[in-house]
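Chains as they are written, first to last, in the numbering used here: chain S, 1 to 355; chain G, 356 to 797.
We treat Cβ as the ideally placed atom computed from N, Cα and C, and that holds for glycine.
One structure below.
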Amino acid sequence: MNTIATQAAENFAQAAEQMDTMYTWFQNLKNIKEVDIATAPRETVWSDGKVKLYRFTNENKIKAKTPVLICYALVNRWEMMDLQPDRSLIRRLLDQGLEVYVIDWGYASAVERYKTMEDYIDGNLNDCVDYICESHGINKVNLLGVCQGGTFSVVYTALHPEKVKNLITMVTPIDFDNNEGLLFRWSKDVDVDAIVDGYNGVVPGEFLNIAFDLLKPMSKVRKYMGLPRILEKESSLMNFLRMEKWVADCPAQAGETYRQFIKDFYKQNKLIKGEFEIAGKKLNLKDIKMPVLTIYAKDDHIVPPETTTILNDLVGAKDKELYEFPGGHIGVFVGSRSQRDLAPAVAKWLIKRDK
Amino acid sequence: MATTTNQFEKLLETQNKMMESWMESSQKMMNVFSGQEEQTSAKDLFSNWYDTQKDLIESTASMKPEEALSQAPETYRKMMEAQIDFAEKWSELYQQSAKKMGMAPRNDFTDMLTGMKSSYQQMQDWMANSTKMMQGGLTPLMPANMVPYLQNFTASYNDMAKYWEPLSKAIQSGISNPEALKVWFPDDAYKQVVDTMMGFSPMESIKSSTEQAQKLFSDYYETTMGRGEEFSKSMMEKMGTMPSMDMSPWMHLTQEVNSRIQQTYAPFTAMMNQGKETEMFKEMKDLQFDYINFTVKAAELQSMVYESGKNALPETVEALYEATQNGDQVLDYDAFFKTYIGKLEDSMTETFKTDEYTKLQASVASVGLSVKSRMDNISAMMFENTPFTLQNTTDELAGEVHALRQKLRSVERKLNSLAKGETAAAKPARTTTRRKTTTTKK
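What follows is the structure, encoded as structure tokens:
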């Protein structure tokens with residue numbers, strides 16, 4: 001009997017606490033007026049159609065004369081690199097004294113349905129590199145490619161090695177012959193022609209999101225289960241809402257580029273076989289002789305480590321390093337280790353080679 | 356916010372009144388029992404309980420919030436059950452003690468119990484409203500396309516909670532036999548939870564689609580073969596035997612029949628006059644067959660997902676039974692739900708890696724998009740004489756734009772190399788790149 005009374009007392013205390021907690025949640029929700037992402041000061045310095053090149057303002061002492069050009073993927077948006085002030089790889093690179101540029105690919109629509117990988121890589125990316133070289137009076141840039149943008153960067157570097165001083169790839173798929181990564185497995189059987197043609201040449205972001213969701217089918221359920229703790233602190237709530245905003249913003253893909261990427265890379269693995277051709281040139285990864293830093297995430301379920309680390313075996317560079325990040329695909333950009341360890345390591349690596 | 360605060364205060368006020376009433380009655384009981392040696396144990400009981408309640412009231416006021424909403428309904432339930440249980444036993448003891456002492460039985464315990472039960476309901480309502488209010492406050496801040504995911508999570512979390520009580524007993528007893536667990540968490544409930552989590556169409560809508568398929572088939576046989584009645588009957592029988600968890604044989608049969616009828620139709624449409632109407636008719640017929648094909652394949656895919664996760668519950672029960680026996684895990688609904696979705700995910704991703712799933716998924720996407728293409732074609736034919744810009748027109752424009760951009764880039768590069776060659780010091784002109792400088796400062 002006494003136990004029951006004690007239990008009742010404990011439960012009552014818990015209930016009262018929970019009511020207080022809920023009141024805090026409502027207050028935190030009420031305090032948030034705007035969910036802002038990518039707030040590092042920047043200028044649009046070049047544009048062509050929907051593609052823009054941003055230069056980030058840096059008031060720190062510049063320690064490397066060669067700027068870094070970040071080439072993000074066409075999937076999702078570059079804002080992941082500057083999600084919020086304390087989770088911003090871009091801000092941390094600026095803090096380390098680097099000049100930073102990023103390409104914003106924009107939102108593809110019916111106008112871009114015939115845009116090819118060549119248009120993106122030998123066209124837009126090359127124009128951005130030329131612009132930066134002209135602006136800084138240099139011949140080469142430091143190229144940092146992210147995920148699919150890393151594959152683009154590797155292609156670009158093999159195509160125009162004379163324009164890249166140092167190459168950094170982050171969580172970048174290179175060897176597509178992999179059955180462990182579900183995206184790699186599924187892409188082998190997918191009828192990409194039916195998809196591109198069925199969507200009239202513009203593959204919607206929602207379609208891609210379905211595939212990404214299925215890689216970890218309970219990830220969203222798990223995420224929302226954590227909401228009670230998230231709601232307790234306004235800062236956690238803002239972190240959550242910013243990430244939600246980024247995840248939700250998945251641009252459509254230019255159909256021809258999507259078709260080519262799936263066929264040439266995922267299905268036929270042409271890049272590492274030396275069979276990939278662009279701008280009339282068959283690429284040889286051995287032409288990549290400048291220093292290479294390959295960053296991969298140990299627990300990456302989107303781009304498994306073995307699909308990316310192979311790059312260092314294939315390039316012609318003598319100065320090449322692997323950097324293992326202890327986390328997942330997204331943690332590379334926003335995790336606390338990314339801010340504390342990865343960004344300074346990247347900056348140090350670049351500054352050392354900026355001669 | 357005012358509403359929440361008022362509800363909160365009202366609830367606390369009710370609780371406090373009940374507690375005060377209990378303490379007052381308890382004190383009276385203690386006074387009655389004082390001096391009665393044979394009631395020493397009862398006196399201790401009430402004395403201890405009184406002290407506990409007193410401490411509780413005092414400590415509650417100084418508590419800081421730590422616990423999560425997800426645990427709240429469960430805690431309230433436990434709290435009220437314990438209190439009701441306590442009050443019932445207390446009432447029983449009081450009545451017995453009063454009888455022994457020659458006192459008249461009291462009815463206010465019954466009133467108190469009624470009040471507590473009503474308060475329990477009030478708390479549940481309050482919690483439900485608060486969850487809704489929390490979502491109401493959160494969803495305007497979220498991107499619109501993420502809100503359905505949150506709603507799906509809430510629905511599946513709440514759906515599963517309905518089965519928690521019996522399942523918790525299964526865990527406590529270590530009952531992990533799949534058939535036994537089905538009694539507490541039936542197949543239909545399982546499918547509903549998976550549907551909500553995965554954003555699947557409920558099986559009901561698939562059944563409705565299969566009825567459409569059946570109608571199409573029987574119409575076809577009635578009009579072309581004169582065997583409609585026999586065929587309809589046969590299909591009805593087949594559909595009636597569709598097992599709840601294994602639809603494969605039925606699906607394959609439907610697909611085969613669908614494909615055969617489509618092939619049989621081809622010569623009929625080939626004999627028809629050429630023209631827009633004929634094209635539209637063919638497209639609509641093919642659309643109908645593709646749609647059935649899509650529905651059946653999608654159902655098969657869904658069925659594979661159900662099958663893959665069937666063992667997740669027994670595995671969850673086993674894992675939690677062991678963990679609770681070892682003292683590694685406190686048994687609550689959140690721990691159960693978290694373990695369950697982990698097991699579901701593991702088994703689903705194993706299935707997702709198989710050739711069978713991969714090929715079927717690719718096929719579903721392909722057929723689904725074929726349906727969409729046919730609908731687009733029909734729309735284009737229907738609206739070709741109207742003053743709207745149609746897909747094929749924008750397609751041509753996109754092609755032209757792309758070709759022009761490529762030519763422009765080629766010319767631009769030639770100009771740049773010419774400029775560099777002729778005047779090495781001069782900066783090259785950029786004809787297509789428009790410089791625009793805007794500043795974002797926050």
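Proximity of residue i and residue j at Cβ, strictly below 8 Å
i        : j        : result
S:ALA345 : S:ARG92  : no
S:GLU34  : S:TRP246 : no
G:ILE753 : G:GLN746 : According to the sequence provided, residue 753 of chain G is Ala. The question's Ile does not apply to it. Cβ distance not < 8 Å, so G:ALA753 and G:GLN746 don't count as in contact.
S:LEU283 : S:LEU159 : yes
S:CYS71  : S:PHE152 : yes
S:GLY274 : S:VAL203 : no
S:ASN142 : S:LYS163 : no
S:CYS128 : S:LEU69  : yes
S:PRO251 : S:ALA110 : no
S:THR66  : S:ASP354 : yes
G:MET703 : G:SER663 : yes
S:TYR258 : S:ILE295 : no
G:ILE530 : G:THR679 : no
Cβ shell of residue i (< 7 Å), same chain only, five flanking positions each side left out
i        : result
S:LEU89  : MET81, PHE333, SER338 and ALA343
G:GLU421 : Caution applies to G:GLU421, whose pLDDT of 38 falls short of 50 and renders its modelled position unreliable; the value that the coordinates give is listed next. Closer than 7 Å at Cβ, skipping near neighbours: no residue.
G:LEU699 : GLY664 and ALA667
Neighbourhood of residue i by C-beta, 8 Å cutoff - its chain only, sequence neighbours within 5 removed
i        : result
S:HIS356 : Here chain S has residues from 1 to 355 only, and residue 356 of chain S is not among them.
Listed by chain order, chain G residues near residue i by CB distance under 7 Å
i        : result
S:ILE195 : ALA720 and LEU724
S:VAL221 : PHE508, SER511, MET552 and ILE696
S:VAL332 : Correct list: empty, because the minimum Cβ distance to chain G is about 22 Å.
S:VAL35  : LEU496
S:ARG185 : LYS708 and THR713
Inter-residue spacing [alpha-carbon to alpha-carbon] between residue i and residue j
i        : j        : result
S:ALA317 : S:VAL154 : 13 Å
G:GLY697 : S:SER219 : 9 Å
S:GLU180 : G:ALA717 : 18 Å
S:LEU83  : G:ASN732 : 42 Å
G:TYR504 : S:MET243 : 14 Å
S:LYS267 : G:MET730 : 29 Å
S:TYR114 : S:ARG77  : 21 Å
G:ASP683 : G:TYR695 : 17 Å
S:GLY150 : G:THR633 : 50 Å
S:ILE310 : S:GLU232 : 43 Å
S:ASN269 : S:ASP189 : 14 Å
G:THR744 : G:ASP750 : 10 Å
S:LYS63  : G:LEU759 : 42 Å
S:ALA347 : S:ASP122 : 27 Å
S:SER336 : S:PHE240 : 15 Å
G:LEU715 : G:LYS693 : 29 Å
G:MET600 : G:SER511 : At G:MET600 the pLDDT is 41, less than 50, meaning the model places this residue with poor confidence; the figure from the coordinates comes in the next sentence. Approximately 20 Å, taken between the alpha carbons.
G:SER523 : G:MET497 : 34 Å
G:SER725 : G:ASP645 : 7 Å
G:ASP687 : S:ARG87  : 34 Å
G:ALA690 : S:PHE56  : 45 Å
G:LEU424 : G:ASN507 : Because G:LEU424 carries a pLDDT of 38, less than 50, the predicted location of this residue cannot be relied on, and no value is offered for it.
G:MET552 : S:LEU214 : 11 Å
G:ASN740 : S:ALA211 : 38 Å
Contacts that residue i makes with chain S (C-beta to C-beta distance below 9 Å)
i        : result
G:GLN746 : ALA110 and ASN200
Chain-ordered chain S contacts of residue i [CB-CB under 8 Å]
i        : result
G:GLU711 : Simply none; closest approach about 11 Å.
G:TYR504 : LYS220 and TYR224
Interface partners of residue i on chain S, CB under 7 Å
i        : result
G:PRO498 : GLU244, LYS245 and ALA248
G:THR749 : ALA110
G:GLY754 : TYR114
G:LEU699 : MET218
G:PHE707 : LEU182 and LEU214
Closer than 9 Å at the beta carbon, the chain G residues around residue i
i        : result
S:TRP78  : Those within 9 Å of S:TRP78 in chain G number zero; the least Cβ separation is about 13 Å.
S:VAL190 : THR713, GLN716, ALA717, ALA720 and SER721
S:GLY123 : ARG760, GLN761 and ARG764
Nonlocal neighbours in the same chain, by C-beta distance under 6 Å from residue i, ignoring five residues either side
i       : result
S:TRP25 : LEU231
Contact list for residue i against chain G, beta-carbon separation under 8 Å
i        : result
S:SER105 : Looking at the sequence shown, residue 105 of chain S is not Ser but Trp. Result: empty, since nearest Cβ-Cβ is about 15 Å, beyond 8 Å.
S:ARG259 : Under the 8 Å cutoff, chain G gives no residues; its nearest Cβ is about 13 Å from S:ARG259.
S:LEU29  : MET489, GLY492, LEU493 and LEU496
The ligand ZN heavy atom lying under 7 Å from the CB of residue i
i        : result
S:GLU112 : Inclusion of the ligand ZN in the displayed structure is not the case, the ligand content being empty and no account of it being possible.
*Starting from the N-terminal side, write out each stretch of the alpha helix (DSSP H) that is 4 residues or longer and does not extend beyond the segment 264-338 of chain S.*
Positions of the alpha helix (DSSP H) runs, each at least 4 residues long and wholly inside the segment 264-338 of chain S, are given as 270-273, 305-309, 311-314 and 331-334 in order along the chain.
_beta strand (DSSP E) segments (min. 3 residues) lying fully within the segment 100-188 of chain S_ = Secondary structure remark: continuous beta strand (DSSP E) runs of at least 3 residues inside the segment 100-188 of chain S, in chain order: 100-104, 141-146 and 164-170.
*Could you name each continuous alpha helix (DSSP H) segment of 4 residues or more that falls completely within the segment 662-708 of chain G, going from the start of the chain to the end?*
For the segment 662-708 of chain G, whole alpha helix (DSSP H) runs of length 4 or above, ordered along the chain, are 667-680 and 688-707.
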